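Asks: Encoded as structure tokens, here's the structure I'll be asking about.
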Amino acid sequence: MRGYNLEVLGASETRWTQVGQQRLASRELLLYSGHEEENAPHTQGVALMLSKQVKNALIGWESRGTRIIKASFKTKKEGISMNIMQCYAPTNYYNEDVKDQFYDRLQSIVVMCRTKDMTIVMGDLNVKVGMENIGYENIMRRLGLGEKNETDSNPIPFTSNSFALFTNLHLVHPTDESQFKNLKMDIQLSDCIKLPNKSSMTWSKDNKGLYYIHCIPLHSMEDQMNNLIENYIVSINYHKLGEMDQTNDLVVWSCEMPEKNLMFCELDETGRYILVTLLNDQGSQNKLIFGYVNHERVKIKGRLKMLPIVDEFDAKYKFIGSTSTEFYIMTNLSAPFNKIIKVNIKDPDWSNWEDLIPHNPLRKLEYATCIDRNIIAIYDWYTGKYLKTILTPIGRIYSLTGHYTSSQNITLNGRNPCKLSAFGGFGYINQPYYSASELLFVEKFNGIYALANIRGGGEFGEEWHKSGSDVYKSTAIDDLLAAAEYLIQQKYTNPDNLILQGNENGGLLAASCANKRPNLFKAIILDNPLTDMLRYYKYSSTGRWMSEYGNLYYQNVFNELFSYSPVHNVPNLSMNKSYYPSVLILSDLQTANVEYIHSLKLLATLQNELHNNGCTFEQTNITLGWFK
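Note that full-length UniProt numbering has the sequence shown beginning at 1, numbered continuously upward.
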């Protein structure tokens, strides 16, 4: 349960017989109600598993047959209890009398619960209610899955009679589906490959197949009960075009990895070698291995022999090119501003590495690629000799660390619409990029778009990153506030025309800035922001970021997280003397980086704290916000 960060876990179709409880080796408490006979089919049986904390709050529990179990708990609110019922409804194959008997029993249990208590009925109702909610919009949103079936008429009346809300929990590991088309013949191929989100694939040199990353989770109920670390088998598979069944793809290499780590594969330009990058939980360091896959000489029949270039997490290594005898890799190993090294393929041990482009403490090497035996068209591929400088158009440079774009006829009168954006985390380099929406804002609204390079990013090396992460994350917030103040002081804009925006970590910083200095901004735009920094590590995606935000079990880290966590610092404003900027929250329900629960928590907190501040709250599937 700890692996999934659960406090109460309900289970249906269980194997435990009769009624009882067990204290598990992992210190959880198991409550169960099952069949009388040992070898009865597992068509019924329910159970509740309680964490140590919830176990201490348990008032009592009872079995109501093989389909319903109820437990009651103390809450922090004096005089109010919480009732949780785990149930397993009859399937569609049972007759109506059995279904009616189940819901009548469930209704009688709910009726006996005090109305001031919180009552939660969860479990498997074996029902499809579909997406249509006409006639009972007050108890269910359009959140059903699939088409209605015959049992849909059972839970809806029960929900209505119990004055409850009907919802569901839909957890999906995002997957991508790749299909293929012969462009010369304009023919859609029958091949179809399903990939996990953030997977990678690379074509073989002969274009007759491709390599891709495949993941098999190692989650089981037994693992959860025994609190085992959540790992999965990750493999590199080879798919030959024309193969319709993905299960027949060849596994050429595999390993077991923690779920929070990531892996990518690529072929070098010669087509001889496949390189595999294994990232740590934060993505700031990686291992690098390679194998020989020359399709012109060798027919891929099974597992490859993979050799390590880097076999420990000590720095970041990025493959940028190769010859028949050497790999070229950009790394920050003992080089905060990066360098490029040569690695002998026949003997890749680190003792044989050579610096091709050495570290320059005055100029950061942000990107490198190999073109026609040159690297970045500036340094010679083989010798690293400096060749020339590529001239770029002169830009405007200011003392502020950042980038600024506006129309040419802009006037610094302090009244221009302005968008300020930043990321400030994970050592990410926040460079200007093309954006049609920002260009529209600049051209059609005579606006200014500013991109701030604040601490926590990687614009000035790893020290710049570290000075805005972990217990120093507040410095990134202070930097962003300073950037906003600079734009106002220099007459680019004013608080009534300044919009602050950020995505993910940038959204965290933007929300924190709005809490800290609400009068500095007219509006904030948050795209999949982190907002609950006291629980971020409990969620599957953001849990791997502890090295960026810190371990809150240390007192100093907890104090730092609590000081800027958006949901814990929304000011409680009064109607007469208060102001808070308008907020637009964009949340992707299928995002793999930041769970949308962060967005929902912030919206709920804003609604609770600011409901008397003349605000209107709106919500759609992917857009959340409050506006004046």
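Just so you know, even glycine gets a beta-carbon here, dropped at the ideal spot from N, CA and C. All figures in this text were calculated on a predicted structure; none of them were measured in a lab.
Say whether the segment 484-503 touches the segment 414-431, bearing in mind that this needs 3 or more beta-carbon pairs closer than 8 Å, one atom from each stretch.
Replies: Counting Cβ pairs under 8 Å, three or more are found: they touch.
Asks: Please say whether Leu-610 and Pro-529 have beta carbons closer to each other than 9 Å?
Replies: Translated into positions along the sequence shown, residue 529 becomes position 529. Translated into positions along the sequence shown, residue 610 becomes position 610. No, the Cβ-Cβ distance between Pro-529 and Leu-610 is not below 9 Å.
Asks: Which same chain residues, not among the five before or five after Lys-491, have their C-beta less than 8 Å away from its C-beta?
Replies: Locating residue 491 in the sequence shown gives position 491, counting from the first residue. Correct list, in chain order: Leu-412, Asn-413, Gly-414.
Asks: Would you report the Cα separation of Glu-137 and Tyr-579, rounded to the nearest angstrom?
Replies: Sequence index remark: in the sequence shown, residue 137 carries index 137 (1-based). Sequence index remark: in the sequence shown, residue 579 carries index 579 (1-based). The predicted position of Glu-137 is uncertain, since its pLDDT is 49 and thus under 50; a value taken from the coordinates is nonetheless stated next. Cα to Cα, the separation comes out at about 34 Å.
Asks: What are the boundary residues of the beta strand (DSSP E) that Trp-203 is part of?
Replies: Within the sequence shown, numbered from 1, the residue matching residue 203 stands at position 203. 201-203 is the extent of the beta strand (DSSP E) around Trp-203.
Asks: Could you give the uninterrupted runs of the beta strand (DSSP E) lying entirely in the segment 272-328, keeping only those of 3 residues or more?
Replies: As far as the segment 272-328 is concerned, its whole beta strand (DSSP E) runs of at least 3 residues are 273-279, 286-292, 306-310, 317-322.
Asks: What three-state label does DSSP hand Phe-423 in the structure shown?
Replies: In the sequence shown, the residue the question calls residue 423 occupies position 423. Correct three-state label for Phe-423: coil.
Asks: Tell me the DSSP secondary structure of Leu-606 in three-state form.
Replies: Counting from 1 along the sequence shown, the entry for residue 606 is found at position 606. Of the three classes helix, strand and coil, the one that applies to Leu-606 here is helix, per DSSP.
Asks: With distance defined between alpha-carbon atoms, name the residue in Ser-563, Asn-261, Ile-410 nearest to Ile-233.
Replies: For this step, residue 233 is matched to residue 233 along the sequence shown. It is Asn-261.
Asks: Quick check: the Cα distance between Gly-457 and Asn-126, rounded to an integer number of angstroms?
Replies: The residue labelled residue 457 in the question sits at position 457 within the sequence shown. The residue labelled residue 126 in the question sits at position 126 within the sequence shown. Taking the straight line joining both Cα atoms gives about 48 Å.
Asks: Would you identify the three-state DSSP class for Pro-566, choosing helix, strand or coil?
Replies: On the sequence shown, residue 566 is found 566 positions in, with the first residue counted as 1. Helix, per DSSP.
Asks: In the DSSP assignment, find the unbroken alpha helix (DSSP H) run with Gly-506 in it and report its ends.
Replies: As a working note, residue 506 is residue 506 in the sequence shown. Run containing Gly-506: 505-516, per the alpha helix (DSSP H) assignment.
Asks: Just how far apart, CA to CA, sit Ser-63 and Ser-72?
Replies: Position 63 of the sequence shown, counted from the start, is the residue given in the question as residue 63. Position 72 of the sequence shown, counted from the start, is the residue given in the question as residue 72. Going by the C-alpha atoms only, they are around 12 Å apart.
Asks: Relative to the alpha-carbon of Trp-353, which residue among Arg-363, Lys-364, Leu-362, Ile-341 has its alpha-carbon at the smallest distance?
Replies: Looking up residue 353 in the sequence shown gives position 353. Answer by Cα proximity: Ile-341.
Asks: Helix, strand or coil: how does DSSP classify Thr-331 here?
Replies: Locating residue 331 in the sequence shown gives position 331, where the first residue counts as 1. Residue state, collapsed to three classes: strand.
Asks: Does the segment 431-450 come into contact with the segment 512-521, if we say contact requires no fewer than three beta-carbon pairs (one atom in each stretch) closer than 8 Å?
Replies: Taking 8 Å as the limit for Cβ pairs, the verdict is that the segment 512-521 does not touch the segment 431-450.
Asks: Roughly how many whole angstroms lie between the Cα atoms of Asn-182 and Leu-189?
Replies: Locating residue 182 in the sequence shown gives position 182, where the first residue counts as 1. Locating residue 189 in the sequence shown gives position 189, where the first residue counts as 1. Each residue's alpha carbon lies about 7 Å from the other.
Asks: Taking the alpha-carbon positions, what's the Leu-584 to Glu-256 distance?
Replies: By 1-based counting over the sequence shown, the position of residue 584 is 584. By 1-based counting over the sequence shown, the position of residue 256 is 256. Their backbone Cα atoms lie some 41 Å apart in a straight line.
Asks: Going by C-alpha to C-alpha distance, which of Asp-347, Asp-281, Gly-20, Glu-326 sits closest to residue 633?
Replies: This structure cannot speak to residue 633, because the chain is shown only from 1 to 628.
Asks: Taking the straight line between their C-alpha atoms, what separation do you get for residue 633 and Gly-242?
Replies: Residue 633 cannot be examined here, being either before or after the span of the chain that is shown, 1 to 628.
Asks: Are the Cβ atoms of Met-118 and Met-82 separated by less than 9 Å?
Replies: As a first step, residue 118 must be located in the sequence shown, where it is residue number 118. As a first step, residue 82 must be located in the sequence shown, where it is residue number 82. Yes, they are a contact pair.
Asks: Can you list, in chain order, the residues of its chain whose CB lies under 6 Å from that of Ala-335, leaving out five sequence neighbours each side?
Replies: The residue labelled residue 335 in the question sits at position 335 within the sequence shown. Contacts found: His-359.
Asks: Under DSSP, the beta strand (DSSP E) around Trp-350 begins and ends at which residues?
Replies: One-based indexing of the sequence shown puts residue 350 at position 350. Unbroken run through Trp-350: none, as it is neither H nor E.
Asks: Among Val-442, Tyr-367, Leu-487, Tyr-449, which has the Cα closest to the Cα of Tyr-428?
Replies: Position 428 of the sequence shown, counted from the start, is the residue given in the question as residue 428. Measuring from the Cα of Tyr-428, the nearest candidate turns out to be Tyr-367.
Asks: Alpha carbon to alpha carbon, what distance is there between Asn-231 and Leu-9?
Replies: As a first step, residue 9 must be located in the sequence shown, where it is residue number 9. As a first step, residue 231 must be located in the sequence shown, where it is residue number 231. Spanning the two alpha carbons is a distance of roughly 20 Å.
Asks: Whose C-beta lies closer than 8 Å to the C-beta of Ile-410 among residues of the same chain, with five residues either side of it excluded?
Replies: Looking up residue 410 in the sequence shown gives position 410. Same-chain partners within the cutoff: Asn-416, Asn-446, Ile-448.
Asks: Taking the straight line between their C-alpha atoms, what separation do you get for Cys-370 and Ile-320?
Replies: On the sequence shown, position 370 is the one that residue 370 refers to. On the sequence shown, position 320 is the one that residue 320 refers to. Roughly 7 Å separates the two Cα atoms.
Asks: Could you compute how far the alpha carbon of Glu-266 sits from the alpha carbon of Leu-48?
Replies: Counting from one through the sequence shown, the residue named residue 266 turns up at place 266. Counting from one through the sequence shown, the residue named residue 48 turns up at place 48. If I take the Cα positions, the gap works out to 45 Å.
Asks: Could you check the C-alpha separation between Thr-277 and Trp-253 for me, to the nearest Å?
Replies: To locate residue 277, count along the sequence shown from 1; it is residue 277. To locate residue 253, count along the sequence shown from 1; it is residue 253. If I take the Cα positions, the gap works out to 13 Å.
Asks: Taking Ile-488 and Leu-509 to be in contact with their CB atoms under 8 Å, please state how far apart those CB atoms are, rounded to whole angstroms.
Replies: Your numbering for residue 488 matches position 488 in the sequence shown. Your numbering for residue 509 matches position 509 in the sequence shown. With a Cβ gap of about 18 Å, Ile-488 and Leu-509 do not count as contacting.
Asks: For Tyr-537 and Met-546, which I take to be in contact (beta-carbon distance under 8 Å), what is that distance rounded to the nearest angstrom?
Replies: Your numbering for residue 537 matches position 537 in the sequence shown. Your numbering for residue 546 matches position 546 in the sequence shown. Indeed they touch by this definition, with Cβ atoms about 5 Å apart.
Asks: Can you tell me whether Phe-445 is helix, strand or coil according to DSSP?
Replies: As a position in the sequence shown, residue 445 is number 445, starting the count at 1. Looking at Phe-445 - three-state DSSP - the assignment turns out to be coil, as it is neither helix nor strand.
Asks: On the premise that Pro-348 lies in contact with Leu-307, defined as a C-beta separation below 8 Å, what is that separation, rounded to the nearest angstrom?
Replies: In the sequence shown, residue 307 corresponds to position 307, counting from 1. In the sequence shown, residue 348 corresponds to position 348, counting from 1. With 8 Å as the limit, Leu-307 and Pro-348 qualify as a contact, their Cβ atoms being about 7 Å apart.
Asks: What residues in its chain sit with their C-beta under 7 Å from that of Phe-216, if we drop five residues either side in the sequence?
Replies: By 1-based counting over the sequence shown, the position of residue 216 is 216. As written in the sequence, residue 216 is Ile, which differs from the Phe given in the question. So the list reads Tyr-232, Ile-233, once near-sequence residues are dropped.
Asks: Which residues mark the beginning and the end of the alpha helix (DSSP H) in which His-465 is found?
Replies: On the sequence shown, position 465 is the one that residue 465 refers to. Residues 462-466.
Asks: So who's on the other strand from Gln-490, going by DSSP bridges?
Replies: For the purposes of this step, residue 490 is identified with residue 490 of the sequence shown, where counting begins at 1. DSSP lists no partner for Gln-490.
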